[in-house]
Amino acid sequence: MCVVLYIASDVPLPLIPFDESAPAFNVSELRKQSGPVRKHFTKQYVYEAGSHTQCGCGFEVVAERYGVKFDTDPAEVNAGCESRRRLAAYLRQALSAQESVELFVCWDGEEERETTRRVTLVPEDLIDKHPCFLDWQDFAPEFLTVVRR
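Numbering of the sequence shown is given in my numbering, commencing with residue 3 and proceeding in unit increments.
Below is the structure:
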């Protein structure tokens with residue numbers, strides 16, 4: 003089962019296709035079966051974002067920075083960190099045209115589940131400061147509001 007990261011925006015955002023020959027951060031249109039996730043958002047445009055693993059699972063490998071230990075190859079940790087840097091840059095760009103964007107993170111198939119944690123942060127917090135997407139054992143959906151500084 004994979005983690006899915008949804009981004010909601012007041013304005014259309016650029017799509018970034020996943021390239022298997024150069025796996026990296028990617029953004030795609032909302033899949034039809036993910037329609038129930040819209041209930042969590044106040045914004046019109048909803049997208050799915052993925053890491054270098056194509057899904058949202060690759061965003062969690064930076065957990066080792068927060069003391070959560072995984073048997074993860076150092077190259078995988080570096081790729082996860084790069085995915086988070088690209089996510090932050092993408093959100094920074096999105097915020098140039100609006101005051102905030104909304105993120106909803108959940109297990110694939112649990113889009114209707116209510117969030118247990120709501121946090122407001124700036125894009126840079128997703129790189130080094132905010133330990134989101136970390137506790138896979140007891141993972142519950144998170145709602146993040148990302149604002150400009």
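No residue lacks a Cβ here, since even glycine has one placed at the ideal position from N, Cα and C.
Nearest-angstrom Cα separation, counted from residue j out to residue i
i	j	result
L123	L32	23 Å
A51	M3	16 Å
L105	S98	17 Å
V39	Y47	12 Å
V79	Q56	15 Å
E84	E62	12 Å
R119	I18	28 Å
V121	D21	31 Å
C-beta atoms of residue i and residue j nearer than 9 Å
i	j	result
G58	V107	yes
L128	V148	yes
F43	Y8	yes
S11	A96	yes
A26	H54	yes
W109	V6	yes
R150	E101	yes
As assigned by DSSP and simplified to three states, the class of residue i
i	result
S36	helix
E31	strand
L146	strand
E104	strand
Limits of the unbroken alpha helix (DSSP H) element including residue i
i	result
V79	P76 to A96
Residue i at chain C interface by Cβ criterion, 9 Å
i	result
Y8	In summary, chain C is missing from the structure at hand, where a single protein chain is found.
Enclosing beta strand (DSSP E) for residue i [first to last residue]
i	result
C59	Counting along the chain, C59 falls outside any beta strand (DSSP E), and DSSP gives it neither H nor E.
V2	Not covered by the structure: residue 2. The range shown for the chain is 3 to 151.
G52	Y47 to G52
S11	V5 to S11
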